[in-house]
Each structure stands twice: as structure tokens, then as C-alpha cells.
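Comments concern the structure below.
Protein chains in written order, with my numbering: chain H, 1 to 269; chain E, 1001 to 1269.
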């Protein structure tokens, strides 16, 4: 019988070329498809909710796939993780991706097209000294950040707007660049964490917002200038693109009546 | 003029074959010697204080080298780190080693032979769920540890004893296996940290002690049995060898009058 299975996946993006499969390179999608191929006894094609870049991490990536498989849904994660964590070596090139849940969805459900919203976390390490153990897991900013200025800037980003200024060059010119940012919060002092929830994000949007907030925190951009930067719809006016290793795909929300729906989950009533 | 320079070095051991240079493999010693060769304008041979294994980390490795170099001692760290951190790539194979200090010592001083004591830290993550972001930085123990039992066992290890039971098979049979453990402390609950200071350590001694303490914490070894395990001088009676990724070389002590000497530093008055 055909089933549609939705996976929740976490990974350390350091040693991947990104989510998407690329010939001759190690991708998250490629590693999981290979493990699922063995577990399910047939070729599997995964639809990932977000195409994270090289070095970007995930606590809660989602991906769906359809097919008629012998293995019960409840055993897929354990069996696939057994393969994914196998062959541990000193190069750390194994054990860096793990399926944390597998659940059944109606046929036709698609992890990306049916996503209602996503939450990303961006981690900044605001210390004068580097920490080699955190080099792949946060963006090191040496000069002290003014968190209040970052918060003032963040408030002006929340809402439904044309966010073209936060889209990397090379993005699709024909499609709309209007998106809704539901919330954008900043927590912590030396370990600064930016948390953003939106309906969807343009290419590199979270990293450009993080870079822009860092520049606000360093006094290079006035927080009140954010409104005119957005209104200019010009990438040149926004801040730099913060590096990939600070970015974590934290959660993907679906319209799920059983759990009270997306708005209930995100606390956006 | 000939100088003898003592370096302090920190590294993430994940992507190294260990401290010691090995042909065709990426070692900490090899990477630093290559950088210093460029910086000093001539070949450099480093004497490391500890030959850490593959996957073992260091906050405070020490290594010394002699020669007549043009570059002032105070500029060696910055210049070498510039090379060591260069060529950052998505594979995390750069920026994982850093010189944190360089100081001059009398000619003839040797980082290993003149070391008076060393401190190692062993990190255990006592949680039922794995955390892929910590897989290379701590030993995951799933079942709950009885920290009190580990502390009781630890007390019986402190002192000057024949620690042959804690030496990995393959160690030199002819040399003495008597060592002095000055202190052995355990802190934390879920993030458990073992801190051990001793005059010198046998091959894999800290990892076997960590494995033995874990077995005491799991109720597999009675804490009071430690005395007879040590007296047996038999590796078979001790616990398992805890994995390398939990181990950190924290500090190397020298007989340094200027700073009050080793005993002052270690607080062992």
C-alpha cells in the first residue's frame, strides 16, 4: 500500500555541501536517500522543506517521500539512523545527520509545498577571543554588540512586506518577494541568538537579516533606517550576508489540526 | 641568535590523526611545523608535551622548538595563526588549531621532558538522547550515572601508585608504571566533567580511568573495588577505554619560579 511519510531530521551541516543532492558531493538529501533506499528496499526521492546551504545546520528539517514499502513507519527512523551513524571515523564524516521522527501523512502531502511557516535560529558569538570549538556553530563577532539597537531594528522587520532588499543577488526576478515575518526575537548577551518565524524566506534572507542586525548592533546602520532600507527594495542598502555556520533551521510548521494548527504551535494566536 | 620557544596550543582534534606527525595524514604537529616553517623561514622540529591521539582535543597543549629565527617571539603566534586559519572551507579542515601563546625559555628546555604535571579534562554527556552537535566533543552515556559512586571511586585513585591496570595493552613493558595522581574531581550532573592532574600518564590512562569511573557510576564496578583493581596491576580488571572525543589536554605545568611554580598553579601547595 502506498504511504506518504514525513521525516523530521537534524544535522550538523559542517561536512555537507548542503541539503540538496549534488553529483560527487556529500549532501544531506543524498545521505538520507541512500540510507532509506536500503531500509525501504527501493529507490526513494525526498522532498525537503528547505534547501539549506553548505555549513547550515538543522534541528528540525522536514522531508517527505511516497511509496509502497515493507518496513513499518515506526521502524524507519531507527533502521535508517543505524546506517547513517555507521562507519564512524576520525574525520567526523558520519553520525552528523539523524532522523528524529517519522509519521504518516495523506498521499499528495509535500514537505515543502505544504509548509505554512518556518523558524530559523541564527547564533552569534560576541567575544573578542575566538573559540575553535565553536567555529562551525556560530558567527564570531569581535566588537561588542548593542543588543538594544538590534532589537529596535528587528521590530521594523516584522510584518508582511516586500523583502527584496534581503534577497541574495541571483534570486528569481519574476517571483514575488513579499513575505511575512511573524516574529523576530533576540536573546542572550555574549551568546546572542536571533530567532525568526516567517511564512517563507527568500534566498539567503535570514543570513542577510542577521548581517543587517549585526551592523545595527555595531552602530554601522541606524535601527530607524531599516524601514527605508526595506522600502528601497535594493540589496545594496542592507547589511552583509552573515556566514552559514551560525544558521539553524529550527522548525517547520504545517497546518495540523491534531496539534491545534500552526498558529497554535507558534504561539501567534 | 639561538632561541628556545615554548608554544601554548589549542585544537579541535576531530579532523586530526593525532598530535604526532604521520606520513600522508593530517596531524597537529605537521600543520604547526608547516606554518612555523613559513613564519620562521626554516624547517622547525616541534617537541610536544603530550602525544594526543586522533579525536582528542586540547585547550593547553605545549610544544617547544629551538633555532635562530628572524621573526620576534611576540609575533610568531599571530603570523602562524594567519596561516593555520587560512583557506577556511566547508569541510571544517582549517581553523581547528591555534597558537594561543609563545614565550622564550632557556636553551635546552624541552616541552615534554621538563613538564612537571598535566591536567586533563574528560567530558561526559549523560543524556538519553544523542546530540549530533556534541558527538565529537563528549562521551555520550545513555543510562543515568550515580555521581556519588563515581566520586567514591575517584578518591581511591588519587596518590602515588602502580597504575599498570590503567595502561593500554601495548604499552612499554620495561618502564615503570608508577605515577602520581595529584587530584581527580568530578563536576556537573548531565554535563559531567572529570578533571585529573598527575605528574605523567601512561598510554590511554585517562581514558581508561574515565571508562572505569563510568562503570562505577553505572553500578557495574563497586567503588570500593578500585583499590583491588589497582593492586591487581591487570588491565583486564579495570573498566573500558572511554572514547577519544571526550578527552581534552587542559594544561601542562612547568617548574616556573616566576609564576610561583607548578604547585602554586595547581593549587596543591
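C-beta atoms are modelled at their ideal positions from N, C-alpha and C, and glycine is treated no differently.
Minimum Cβ-Cβ distance from residue i to chain H less than 8 Å
{"i": "residue 1101 of chain E", "result": "no"}
{"i": "residue 1007 of chain E", "result": "no"}
{"i": "residue 1135 of chain E", "result": "yes"}
{"i": "residue 1207 of chain E", "result": "no"}
{"i": "residue 1096 of chain E", "result": "yes"}
{"i": "residue 1092 of chain E", "result": "Reliability fails at residue 1092 of chain E, whose pLDDT of 41 lies under 50, so the model's placement of it is uncertain and the value that follows must be treated cautiously. It does; some Cβ of chain H falls within 8 Å."}
Distance CB(residue i)-CB(residue j) smaller than 8 Å
{"i": "residue 119 of chain H", "j": "residue 251 of chain H", "result": "yes"}
{"i": "residue 121 of chain H", "j": "residue 194 of chain H", "result": "yes"}
{"i": "residue 1054 of chain E", "j": "residue 1084 of chain E", "result": "no"}
{"i": "residue 1253 of chain E", "j": "residue 1117 of chain E", "result": "yes"}
{"i": "residue 143 of chain H", "j": "residue 218 of chain H", "result": "yes"}
{"i": "residue 1169 of chain E", "j": "residue 1214 of chain E", "result": "no"}
{"i": "residue 4 of chain H", "j": "residue 127 of chain H", "result": "no"}
{"i": "residue 108 of chain H", "j": "residue 2 of chain H", "result": "no"}
{"i": "residue 233 of chain H", "j": "residue 162 of chain H", "result": "yes"}
{"i": "residue 15 of chain H", "j": "residue 26 of chain H", "result": "yes"}
{"i": "residue 30 of chain H", "j": "residue 21 of chain H", "result": "yes"}
{"i": "residue 1111 of chain E", "j": "residue 1032 of chain E", "result": "no"}
{"i": "residue 244 of chain H", "j": "residue 56 of chain H", "result": "yes"}
Min CB distance residue i to chain A below 8 Å
{"i": "residue 1132 of chain E", "result": "The chain inventory of the structure shown lacks chain A, comprising the protein chains H and E."}
Chain E contact for residue i (CB, 8 Å cutoff)
{"i": "residue 12 of chain H", "result": "yes"}
{"i": "residue 62 of chain H", "result": "no"}
{"i": "residue 20 of chain H", "result": "no"}
8 Å contact criterion, which residue i and residue j should meet: CB distance rounded
{"i": "residue 1040 of chain E", "j": "residue 1071 of chain E", "result": "6 Å"}
{"i": "residue 202 of chain H", "j": "residue 222 of chain H", "result": "The pair is not a contact, with the Cβ atoms about 23 Å apart (cut-off 8 Å)."}
{"i": "residue 1139 of chain E", "j": "residue 1018 of chain E", "result": "Residue 1139 of chain E to residue 1018 of chain E, Cβ: 18 Å. No contact."}
{"i": "residue 192 of chain H", "j": "residue 157 of chain H", "result": "So it is not a contact: roughly 16 Å between Cβ atoms."}
{"i": "residue 147 of chain H", "j": "residue 186 of chain H", "result": "6 Å"}
{"i": "residue 1208 of chain E", "j": "residue 1166 of chain E", "result": "4 Å"}
{"i": "residue 216 of chain H", "j": "residue 130 of chain H", "result": "Not a contact, Cβ separation roughly 23 Å."}
The segment 31-48 of chain H in contact with the segment 123-141 of chain H per 3-pair CB rule at 8 Å: no
Cβ contact (3+ pairs, closer than 8 Å) linking the segment 1099-1117 of chain E and the segment 1146-1162 of chain E: Not touching, per the Cβ criterion.
Inter-stretch contact at 8 Å, needing at least 3 Cβ pairs: the segment 1045-1054 of chain E / the segment 1220-1239 of chain E: no
Segment contact flag, the segment 1055-1063 of chain E with the segment 1003-1020 of chain E, C-beta cutoff 8 Å, min 3 pairs: Yes, they touch.
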